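Just so you know, the protein sequences line up as chains A and B, in that order. Its first residue numbered 126, the first sequence is counted upward by one per residue in the numbering used here. Its first residue numbered 2, the second sequence is counted upward by one per residue in the numbering used here. By construction, the Cβ of each residue, glycine as well, lies at the ideal position given by its N, Cα and C atoms. Quick caveat, the model's predicted, so the values are computed rather than measured. Remarks on the structure that follows.
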Amino acid sequence: MKRVAALVAALALIGVATWLVLPSAPQVRGQDQVISVVDGPADDQQVRLDSTFFPPAGGGRAPVVLLAHGFGGSKQSVRQQATRLAQDGYAVLTWSARGFGRSTGEIALNSPDYEVKDVKQLIDWVAKRPEVRLDAAGDPRVGIVGGSYGGAIALMTAAFDQRVDAIVPQITWADLADALFPDDAVQAPASAAGGSTGTGLGHPETGVFKRMWSGIFFGRGLSLDGFAQQGQSQGDQGQGDQGQRGQGEDGRGEGGQGRGQAAAPMSPQEARCGRFLPAICDIYQQVAKDGRATPEAIALLRASSPIAVAGRIKAPTLLLQGQRDSLFPLSHADANAKAIAAAGTPVSLAWFDGGHDGGNGEADWLHEQTSAWLARYLKGEGSAQAAPPVSAFTVTRDGGRDPGTRQRIRLHPEASSYPGLGGTGTTTVQLGGPEQSIVNPPGGAPASISTVPGVGALLGGQNGGVSLDMPGQSAAFESRPLTAPLQLTGSATAQVRVSGKGEATLFAKVYDVSEGSQLPVLPGGLVAPFRVTIPDGAGSVVATVTLPAVDHGFAAGHRLRLVVTTTDMGFATPAEPATYQVSLAAPGLTVPTVPALTAAPAGIAWWVWAMPLAAVVLAAVLLATGRASSLVPSGARPRGRARPADLHADLPVDLPVDLPADDRPAAVAPAPDVDDGDGGRRPVPLEIKGLTKAYRNGEPAVDGLSFRVEQGQVLGLLGPNGAGKTTTMRMMMGLIRPDGGEIRIFGEPVTPGAPVLSRLGSFVEGPGFLPHLSGRDNIELYWAATGRPPADAHFEEALEIAGLGKALKRAVRTYSQGMRQRLAIAQAMLGLPDLLVLDEPTNGLDPPQIREMREVLKRYAREGRTVIVSSHLLAEVEQTCSHVVVMHRGRLVSAGPVSRLLTSATPANGHGPRLEDVFLDLIGDKR
Amino acid sequence: MTAAPGYAPRRTLPLRVEIVRQFKRRRTIAMFGLLLALPWVLVIAFQFGPQSSDQGPSLRISDLATQSGLNFAAFALSVSANFLLVVAVALFCGDTVSSEANWSSLRYLLAAPIPRDRLLRQKLIVALGYSAAAVICLPLMALLAGTLAFGWNDIQVPVTGEIIPALDILPRFGIVIGYALVSQLVVAALAFLLSTVTDSPLGAVGGAVGLWIVSTILQAVEALGALREFLPTFWNAAWLDALAPELDWSGMVKGASISITYAAVLIAVAFRRFRRKDVVS
């Protein structure tokens, strides 16, 4: 019990200590500010930016982080993130960008003339704050973090303001023109128009209009101030905060205020353009109607694109891009990374499970990465070492399910350099399939579905959600089942031949097709739109299609299926009906791979093999050390109250008979000096020397006991309750280890399981049988357990003593106490042991049986064996035993033949001496 | 002459004798009866229950149970592995020494004398044998009952719903049973240790099951993070990986590693304690 209590106390202590040691997050309080800035191409437009400044939680001067919100959000939608950063020890400034929230001005799409100028003035503002650490006068130690629209402003500002020290743009664009007008194919032999822009992205002049996303994007700018705010919280999740649940609530609060003021009717211009800059609004109206990018539109969008100015960025950049993002796919982070790295600026990339189309969002992991990046480049010095390094390239992968909780787990394999979308190696997967005819339906409907922009997160399952190809509109080319797993990391490329007339708008995608009932999976829900122009008279054209960048593992046995469709719900497609024939120009699908990434998470944790080995070693040590101590002769080291020097003093000083040492045949005498190896003599059946055993509480149960039993004796072991008789018998059986002294049976020291115990028959403290077995089975199985030959058992003789008759066939649980007692004595006599030890054998027996037992024991001893009987029935002992040993409080009080014991006593009141009187006299309990 | 003629420590308590001693016990027979009857009870329950067919493909393991004998066996194993088999194993291993102490027969076996290490070894072997038989007989009987009731069809994987040919999955089923055996080793070792510590069979069996439940509860505490991986119950359901379309060993290897680690130490402690123990029952 003490140990249990100690364990509980220790656990409680650990719990309390953990509670105390674990830091609780410090409180952070934001200060609302309205900061006036001046911007515009001519620096003549006054804008009031609604902002909140969070001083660092630790106090003092700290680096400052500008935290930008996503499109359609406001400073409220990043409040939680701001608090978290402030708790990490940064000063944080959040603001609503011009045209959003309560800030004034119009949306200019992160234009260098507008938003970038605003943020530069915000940096001027924070440089004046006493909480902000400065690199130089007017130059604060500043980082910019933001997602989507906020990510683009981070990149743009870093390009135009060299004071920026680190940026973490998330799910943002490199080229807004390409994002809205992607064209992912290069037409051979001569490209139709424009050609490559050299940015690594497509050529928006021929790009396919990303209709639904553009509509949502523009619509969100429209709806900010006036009507229908329902999409707001959804928008915040998708755009501003990458699915940090609950943040939409903040945005909705802001929107609610806008709604409250929405009673005023809007002018036609407001209804048309909302808070967009009229120039942007006009261009949007134009391209949305035509579904074609005009040169003006491209110029305007390019002005707001980091790709054009990324070479100027000197601030170390961590690009976090979502794998589930059909608005700003991974290729945009790729383009940014390449452009920034080309200028020699440190860049790291992570493809996480999230994006504008949903996914997990990985808010915590993104925060970790962001913190590590900021710690390294803003806090510097010691913090850089403390923070985990951010790898050049990290990809989030599905790690299966946690075996304990059955929850999805994500792995983050890393690579020390960014390989680009082409991978560090390529595998060519052979596709097959005949030329197929596909039609563009009139009006472009019904359209195939790859991702439903904006609601992908709601519909999407783990692997890309709904994807549907309309029959007749799609051509499929399939590989054979993969013989080995294939991990695609980057953009696969394929060559297709398109036959028909005029211009064809097509969409290419690669499915992961498994055998069986599962639907094909479209990784990331992503599709590559492309437009080809079939020259007159040529009849066909070959296009090299760059498929969407994804990280996807194709399992062995799965197939890759390249599908080319004429429609996609997210894009503007021609209304004219048309028919094309699509075939493979080259059978190979080039699949980029990055083997360095796969190596990281693989391998078995070291403890998997180390722990069992260590356990086996520990087990061996436990057993080996346990064995060593158990083999020490039990009498070798007396301890506790055993005092070897006292052994003689402990001898029965009040021994009534002075026994000569050589009076062997009749004597039961303390014989500490007798050598058991005495030449030629048969070993003494039982010899006990200085035997000591203490109870757990230290009180001695047996204290320096010594006596000897000779062959042929029936020895009565006498003593009041608690005298130590049973303890002594248990030590004879090797059940209890003595604290000191030793017991020898036939000259052999008794240890647990000592072979010499096979010559000992015992019945101590009641019978012990398997209650479900019959008496006979019990006896036979017991003998079988000794491993000795059945012929040696003498079953019939033993069972005759038990006298159970037919009852032997009944289960022992039906037996009376006396029956069990007799059966137990029979068991003790199995094999006719040379030394028989019986503890209270007559308990529960009736007088005739007692009498019979007496005769049995006497006869047994006469046959040259030895019997030890403990009893408290003194008359019984007197009649049965030849010798007695009297114990009291664990010590020997007297020993000797019964006759001598009796004669030594003074006859009392005329009768001959009775054992009872002698006994009571000896134990000093005379009445 | 140190020992009685014919006595040899190596011949004491033969396995055959211990098997007979344990087999005739009511709890042994009752437990096996329960394990063998459970699949049939489940079959009957599925026959009586409202048919939820044609309600769209819901792919929980219980919904798939009636699709084939193999599915049914997987289902039977999944519902019993967490508790019933734990109790069965704890019963066979926790009861073996403590019940002897409880009947007082332990001291006569030790005085026979059966060396203590040998007594424990023989009892452990027999108890593990009975435990293994229990763990094996349930899924096999479920396989038989399921095949008779629902036919020998291909297996449909829970959660993903993929179809795997029945013959392909049969070796996997062997892996499942093998892993179930290994993962129950912890329970067996824990119960066995408790069995040598206490004289009350109920205490040993209940203690082992109780600690198992505590571990299961701790495992649900996500705050413990990676520490949970070292709980003996954490990898209990890892055998599900063996039925996935792609056999994933990692979870099972970790589970086996943890299981063997705990079992080795616990059994060693049991032997060490029992050697030094004063048998007073």
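Neighbourhood of residue i by C-beta, 7 Å cutoff - its chain only, sequence neighbours within 5 removed
i: A:K200; result: D175, S176, T177, H194, T219, W220, S221 and G226
i: A:G275; result: A193, H194, G195 and G365
i: A:A936; result: P896, H897, L898 and S899
i: B:V188; result: V87, V90, A91, A209 and W213
i: B:P166; result: D155
Reduced DSSP secondary structure (H/G/I, E/B, other) of residue i
i: A:D415; result: helix
i: A:I438; result: coil
i: A:M854; result: helix
i: A:I1054; result: Residue 1054 of chain A falls outside the range modelled here, since chain A spans only 126 to 1052, and no answer is possible.
i: B:L35; result: helix
i: A:L82; result: Because chain A in this structure spans residues 126 to 1052, residue 82 of chain A falls outside the shown range and cannot be described.
i: A:G271; result: strand
i: A:H1013; result: strand
i: A:P717; result: strand
i: B:E101; result: helix
i: A:V153; result: coil
i: A:T817; result: strand
i: A:E921; result: helix
i: A:V623; result: strand
i: A:Q446; result: strand
i: A:S429; result: coil
i: A:S161; result: strand
Spatial distance of residue i from residue j (CA atoms)
i: A:G469; j: A:P441; result: 10 Å
i: A:Q561; j: A:L613; result: 26 Å
i: A:K504; j: A:A167; result: 36 Å
i: A:A433; j: A:K439; result: 14 Å
i: A:G378; j: A:A700; result: Any reading at A:G378 must be qualified, since the residue scores a pLDDT of 35, below 50, and its modelled position is unreliable; no value is offered.
i: A:A735; j: A:T750; result: 22 Å
i: A:L611; j: A:F632; result: 23 Å
i: A:S1024; j: B:V127; result: 53 Å
i: B:I1; j: A:R684; result: Look at the range of chain B in this structure, 2 to 282, and you will see that residue 1 of chain B is not part of it.
i: A:L933; j: A:R901; result: 5 Å
i: B:T262; j: B:F193; result: 15 Å
i: B:A271; j: A:A680; result: 46 Å
i: A:V687; j: A:V635; result: Position check: residue 687 of chain A holds Leu in this sequence, whereas Val was assumed. If I take the Cα positions, the gap works out to 5 Å.
i: A:A986; j: A:A134; result: 58 Å
i: B:F174; j: B:N72; result: 10 Å
Residues near residue i by beta carbon distance below 6 Å, same chain, minus five either side
i: A:R945; result: P892
i: A:A721; result: A540
i: A:V203; result: L192, H194 and T219
Cβ neighbours of residue i in the same chain (closer than 8 Å, five flanking residues each side left out)
i: A:V163; result: D169, Q170, Q171, V172, K242 and Q246
i: B:P15; result: Q123
Every unbroken beta strand (DSSP E) within the region 631-710 of chain A, with a cutoff of 3 residues, ordered by chain: 653-659, 665-671, 675-679, 684-690 and 703-709
Report yes or no: do the region 946-958 of chain A and the region 917-930 of chain A share at least 3 C-beta pairs separated by less than 8 Å? Between the region 946-958 of chain A and the region 917-930 of chain A there are three or more inter-stretch CB-CB distances shorter than 8 Å, so the stretches are counted as touching.
Touch check for the region 646-653 of chain A and the region 446-456 of chain A: three-plus C-beta pairs under 8 Å? yes
Inter-stretch contact at 8 Å, needing at least 3 Cβ pairs: the region 178-197 of chain B / the region 76-94 of chain B: With a cut-off of 8 Å, the region 76-94 of chain B and the region 178-197 of chain B count as touching, because enough Cβ pairs lie within range.
Taking 8 Å as the cut-off, does the region 107-119 of chain B touch the region 234-246 of chain B (at least 3 CB pairs, one atom from each stretch)? No, because fewer than three Cβ pairs between the region 234-246 of chain B and the region 107-119 of chain B fall closer than 8 Å, the two stretches do not touch.
Looking at C-beta atoms only, is the number of pairs between the region 136-150 of chain B and the region 202-210 of chain B that lie closer than 8 Å three or more? no
Can we say the region 177-192 of chain A touches the region 240-260 of chain A, given the rule of at least three CB pairs closer than 8 Å? yes
In chain order, which continuous runs of the beta strand (DSSP E) of length 3 or greater are located wholly inside the region 185-262 of chain A? Counting only runs of 3 or more residues that sit fully inside the region 185-262 of chain A, the beta strand (DSSP E) segments are 189-193, 216-220 and 259-261, in chain order.
Could I get the ranges of all uninterrupted alpha helix (DSSP H) runs contained in the region 822-901 of chain A, with 4 residues as the minimum, in chain order? 850-857
Considering only residues of the region 548-620 of chain A, which uninterrupted alpha helix (DSSP H) runs meet the minimum length of 4 residues and lie entirely inside it, listed in chain order? 581-584
Sufficient close CB pairs (3 or more, under 8 Å) joining the region 203-211 of chain A to the region 512-523 of chain A: no
Specify whether the region 961-971 of chain A and the region 814-829 of chain A touch according to this definition: at least 3 beta carbon pairs, one from each stretch, less than 8 Å apart. no
At a cut of 8 Å, does the region 825-837 of chain A reach the region 850-857 of chain A through at least three beta carbon pairs? Yes: the two stretches touch, three or more of their Cβ pairs being nearer than 8 Å.
Examine the Cβ distances between the region 419-434 of chain A and the region 291-303 of chain A and report whether three or more of them are shorter than 8 Å. With the cut-off at 8 Å, the region 419-434 of chain A and the region 291-303 of chain A touch.
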